[in-house]
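Asker:
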Amino acid sequence: MASNFKLALHWKILIGLVLGIVVGLAINTMWDTNTWNSMGVDNPSAWVEGTAIEGVNEHPSFIAHATLFIRHLNSFIGDLFMRGLRFIAVPIVIFSLIVGASSLNDLSKLSRIGGKTIGIYLVTTAVAISVGLLFANIVKPGNFVSEETRDGFVAQFGDQASAKIAKATAPDVWDTVLNIIPKNPFNAIAQGNMLQVVFASLLVGIALTLIKREKAKVVIEFFDAMTDVIIKVVEIVLMIAPYAVFALIVDQIAELGLDILASLAVYCMVVVGGLLTMMFVVYPIGFKLLAGLSYSRFFKAISPAQLLAFSSASSSATLPVTMECCEQRLGIKEEVSAFVLPIGATINMDGTALYQGVAAVFIAQLYGIDLSVMDQLTIVLTATLASIGTAGVPGVGMIMLVIVLESVGIPLEGIAVILGVDRILDMCRTSCNVTGDAMVCAVVAASEGAIETPEQVATRLSRPMDEDPVDQGRLDE
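In my numbering, the protein residues as written are 0 to 476.
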């Protein structure tokens with residue numbers, strides 16, 4: 000008899016993630032220049048990049064060709080998935096925000112939910128920075144890195160760090176506010192400027208609440224239908240999610256390896272420890288006390304979004320899946336999730352803010368700088384304001400770090416030391432960011448009576464309570 004067992008999406012993604020880490024580490028440790036030479040490849044860099052050099056790589060073996068094909072296929076799958084996520088990120092923000100804002104019917108309700116959303120996001124950001132500072136002050140990760148190692152990292156990544164610092168110019172406050180308003184909304188959409196897209200969508204949604212309902216109804220129904228269309232596109236893109244996660248992780252781990260991680264192991268553990276504390280200690284306080292959600296219900300519901308956030312390192316790219324998890328699996332009404340989550344993906348960066356706090360203390364310890372209590376309060380305030388002020392700005396993480404370091408006089412050259420592990424930590428902090436978005440969404444929804452009970456979710460999905468609804472919901476496969 001055929002089995003009806005189907006592995007849920009988040010388990011498939013997790014398997015892809017673990018396999019990617021294992022294979023990536025194996026490639027990093029066992030694959031070297033001698034391996035390529037045994038395949039008839041004299042210049043591995045030229046071979047991988049496809050550069051033709053006379054007299055070089057003239058007799059590659061079949062295995063060398065097959066290896067190159069697999070490498071290109073792996074990169075193609077990862078890039079295809081990321082493009083798919085980015086393709087649907089802007090449309091789903093536009094359609095869902097317009098529907099969400101217009102569904103609130105009156106400006107007083109809209110301003111109430113908006114005030115709660117921004118307020119809670121600011122509080123969680125400040126808490127995240129404080130957690131990072133606390134961990135860094137207790138463990139003192141900077142004391143575990145020798146001066147020789149520090150100088151080695153500065154020499155290795157100094158040029159790269161200088162280039163990033165040069166681009167990381169903090170925008171003027173007035174320009175930041177002014178740039179929220181797009182000169183051309185279609186240009187904002189084409190460039191993926193999420194802050195401008197959010198503003199334009201909210202403006203249209205608010206305008207729809209101010210005209211006669213019978214006229215607005217046609218427009219709202221159109222955007223609502225388009226939201227459903229985009230959700231179907233999400234389902235199609237997610238079909239390759241487990242394979243894409245494997246592809247993305249293999250590339251990162253194979254390139255990074257264990258050497259850099261070992262040198263900065265304590266620093267990495269402090270950052271990851273702080274992020275885990277936010278995700279599994281601080282956030283549960285919010286969704287248990289303020290939203291009445293159980294630990295298992297919340298994390299079971301948002302696990303696909305967490306895993307995809309880790310793999311993609313992009314809150315905006317993960318937004319369609321985050322919305323799907325909150326609406327279909329947590330049972331949050333679309334009028335709230337469509338408003339709270341796009342704003343969160345743009346301005347809420349708890350994981351990034353925590354990382355700024357740890358990085359600032361770590362670099363200060365490397366250079367023997369003692370940060371006073373006032374200095375650390377300055378870091379909390381500066382990083383919290385910077386997370387809002389630099390929202391939507393490319394390279395926001397680096398801009399925030401430069402602003403934080405300059406606010407307390409920490410040498411910017413220290414950025415070169417942490418640059419080598421930035422990518423893997425970026426993946427971790429993005430997962431924290433997405434978890435924070437979902438938590439705030441649940442809290443706001445609960446305060447507005449806009450979240451279903453577990454029984455209502457189970458009934459809607461036509462599944463028994465003790466089974467995972469993912470396969471019957473929109474997050475199939």
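Even glycine gets a Cβ: it sits at the ideal position worked out from N, Cα and C. It should be emphasised that the depicted structure is a prediction, and the values quoted were computed from it without experimental measurement.
(1) Taking the Cβ atom as the reference point for each residue, do Thr-321 and Ala-304 lie within a distance shorter than 8 Å?
(2) Could you tell me which residues DSSP puts in a beta bridge with Ile-331?
(3) Could you tell me which whole alpha helix (DSSP H) segments of length 4 or greater appear in the region 162 to 222?
(4) Tell me the DSSP secondary structure of Lys-231 in three-state form.
(5) Name the two residues that bound the continuous alpha helix (DSSP H) containing Leu-8.
(6) Thinking C-beta only, is Gly-356 closer than 8 Å to Asp-436?
(7) Excluding five sequence neighbours on each side, which residues of the same chain lie with their C-beta closer than 6 Å to the C-beta of Ile-26?
(8) How big is the Cα-Cα spacing for Leu-177 and Met-225?
(9) Could you give the DSSP three-state label for His-58: helix, strand or coil?
(10) Are three or more beta carbon pairs between the region 123 to 141 and the region 357 to 369 nearer than 8 Å?
(11) Between the alpha carbons of Val-443 and Ile-331, how many angstroms are there, rounded?
(12) Kindly indicate which three-state DSSP category Tyr-242 falls into: helix, strand or coil?
(13) Tell me whether the beta-carbon of Ile-76 lies closer than 8 Å to the beta-carbon of Ile-239.
(14) I believe Gly-19 touches Val-244 by the beta-carbon criterion, under 8 Å. Please report the beta-carbon distance rounded to the nearest angstrom.
(15) Less than 8 Å between the C-beta atoms of Arg-428 and Leu-274, yes or no?
(16) How far does the alpha helix (DSSP H) with Ile-137 in it reach, from first residue to last?
(17) Should Tyr-294 be labelled buried (16 or more other beta-carbon atoms within 10 Å of its own) or exposed?
(18) If contact is defined by three or more beta carbon pairs under 8 Å, each pair taking one atom from either stretch, is the region 194 to 208 in contact with the region 34 to 41?
(19) May I have the straight-line CA-CA distance separating Ile-117 from Lys-108, to the nearest angstrom?
(20) Taking only three categories from DSSP, how would you classify Asn-142?
(21) Asp-349: buried (16+ other C-beta within 10 angstroms of its C-beta) or exposed?
(22) Among residues of its own chain, excluding the 5 on either side of Ile-179, which ones have a beta-carbon nearer than 7 Å to its beta-carbon?
(23) Based on Cα-Cα distance, which residue from Thr-381, Glu-447 and Asn-142 lies nearest to Ile-128?
(24) Using the beta-carbon count (16 or more within 10 Å), is His-58 buried or exposed?
(25) To the nearest whole angstrom, what separates the beta carbons of Phe-297 and Gly-99, a pair I think is in contact under 8 Å?
(26) Of the choices Asp-227, Ile-409 and Glu-405, whose alpha-carbon is the least far from that of Asp-369?
(27) Count the other CB atoms, across all protein chains shown, that sit within 10 Å of the CB of Trp-30; report buried if there are 16 or more and exposed otherwise.
(28) May I have the straight-line CA-CA distance separating Asp-318 from Phe-61, to the nearest angstrom?
(29) Taking a contact to mean a Cβ-Cβ separation below 8 Å, would you say Val-485 touches Val-249 in this structure?
(30) Starting from Val-271, trace the alpha helix (DSSP H) both ways and give me its first and last residue.
(31) Run through DSSP, which three-state label would Ile-409 get?
(32) I'd like to know whether the C-beta atoms of Gln-364 and Lys-139 end up nearer to each other than 8 Å.
(33) Given Tyr-242, which residues of its chain have a CB within under 7 Å of its CB, disregarding the five upstream and five downstream residues?
(34) What is the residue span of the alpha helix (DSSP H) that Val-40 lies within?
(35) Using only the alpha-carbon positions, how far apart do Glu-333 and Leu-424 sit?
Answerer: Taking the structure as given:
(1) Within the sequence shown, the letter at position 322 stands for residue 321. Within the sequence shown, the letter at position 305 stands for residue 304. Taking 8 Å as the Cβ cut-off, Thr-321 and Ala-304 qualify as a contacting pair.
(2) The residue given as residue 331 occupies position 332 in the sequence shown. According to DSSP, Ile-331 bridges with Ile-450.
(3) 172 to 177, 184 to 190 and 193 to 209
(4) Here residue 231 refers to the residue found at position 232 of the sequence shown. Helix.
(5) What you label residue 8 is simply residue 9 of the sequence shown in a count that begins at 1. Counting along the chain, the alpha helix (DSSP H) containing Leu-8 begins and ends at 8 to 29.
(6) For the purposes of this step, residue 436 is identified with residue 437 of the sequence shown, where counting begins at 1. For the purposes of this step, residue 356 is identified with residue 357 of the sequence shown, where counting begins at 1. No, these two residues do not count as a Cβ contact at 8 Å.
(7) Taking the sequence shown and counting its residues from 1, the one referred to as residue 26 is at position 27. For Ile-26, where only same-chain residues beyond five positions count, the Cβ hits under 6 Å are Ala-253.
(8) Counting from one through the sequence shown, the residue named residue 177 turns up at place 178. Counting from one through the sequence shown, the residue named residue 225 turns up at place 226. Going from the Cα of Leu-177 to the Cα of Met-225 covers about 30 Å.
(9) The residue you call residue 58 lines up with position 59 of the sequence shown. Coil, per DSSP.
(10) yes
(11) Position 444 of the sequence shown, counted from the start, is the residue given in the question as residue 443. Position 332 of the sequence shown, counted from the start, is the residue given in the question as residue 331. Roughly 10 Å between the two C-alpha positions.
(12) Taking the sequence shown and counting its residues from 1, the one referred to as residue 242 is at position 243. If DSSP states are grouped into helix, strand and coil, Tyr-242 belongs with the helices.
(13) As a position in the sequence shown, residue 76 is number 77, starting the count at 1. As a position in the sequence shown, residue 239 is number 240, starting the count at 1. Yes.
(14) Residue 19 sits at position 20 when you count from the first residue of the sequence shown. Residue 244 sits at position 245 when you count from the first residue of the sequence shown. Right, their Cβ atoms sit about 6 Å apart.
(15) Within the sequence shown, residue 428 is the residue found at index 429, counting from 1. Within the sequence shown, residue 274 is the residue found at index 275, counting from 1. Against a cut-off of 8 Å, the Cβ pair of Leu-274 and Arg-428 comes out as a contact.
(16) Within the sequence shown, numbered from 1, the residue matching residue 137 stands at position 138. Start and end: 106 to 138.
(17) In the sequence shown, the residue the question calls residue 294 occupies position 295. By the neighbour-count rule (16 or more Cβ atoms within 10 Å), Tyr-294 is not buried but exposed.
(18) no
(19) As a first step, residue 117 is located in the sequence shown; it is residue number 118 there, counting from the start. As a first step, residue 108 is located in the sequence shown; it is residue number 109 there, counting from the start. So the two alpha carbons sit approximately 14 Å from each other.
(20) As a position in the sequence shown, residue 142 is number 143, starting the count at 1. Here Asn-142 sits in helix by DSSP.
(21) Along the sequence shown, one-based indexing puts residue 349 at 350. Buried: at least 16 other Cβ atoms inside 10 Å.
(22) Reading the sequence shown from its first residue, position 180 is the one you call residue 179. Cβ neighbours of Ile-179 beyond the five flanking positions: Leu-194, Gln-195 and Phe-198.
(23) The residue you call residue 128 lines up with position 129 of the sequence shown. Residue Thr-381 is the option with its Cα nearest to Ile-128.
(24) By 1-based counting over the sequence shown, the position of residue 58 is 59. Exposed, because fewer than 16 other Cβ atoms sit within 10 Å of the Cβ of His-58.
(25) Taking the first residue of the sequence shown as position 1, residue 297 is located at position 298. Taking the first residue of the sequence shown as position 1, residue 99 is located at position 100. Actually they are not in contact, since the Cβ atoms of Phe-297 and Gly-99 sit about 21 Å apart, beyond 8 Å.
(26) Locating residue 369 in the sequence shown gives position 370, counting from the first residue. Nearest C-alpha to Asp-369: Ile-409.
(27) As a first step, residue 30 is located in the sequence shown; it is residue number 31 there, counting from the start. Counting Cβ neighbours within 10 Å, Trp-30 comes out exposed, since fewer than 16 surround it.
(28) On the sequence shown, position 319 is the one that residue 318 refers to. On the sequence shown, position 62 is the one that residue 61 refers to. It is Leu, not Asp, that sits at residue 318 in the sequence shown. In a straight line, the C-alpha of Leu-318 is about 42 Å away from that of Phe-61.
(29) With the chain running from 0 to 476 in the structure shown, residue 485 is simply not present.
(30) Stepping through the sequence shown from its first residue, residue 271 is reached at position 272. Note, Val-271: alpha helix (DSSP H), 264 to 276.
(31) To locate residue 409, count along the sequence shown from 1; it is residue 410. Ile-409: coil per DSSP, three-state reduction.
(32) Taking the first residue of the sequence shown as position 1, residue 364 is located at position 365. Taking the first residue of the sequence shown as position 1, residue 139 is located at position 140. Yes. Within cutoff.
(33) By 1-based counting over the sequence shown, the position of residue 242 is 243. Contacts found: Gly-15 and Ile-76.
(34) Against the sequence shown, residue 40 aligns to sequence position 41. No alpha helix (DSSP H) holds Val-40; DSSP gives it neither H nor E.
(35) To locate residue 333, count along the sequence shown from 1; it is residue 334. To locate residue 424, count along the sequence shown from 1; it is residue 425. C-alpha separation (whole angstroms): 32 Å.
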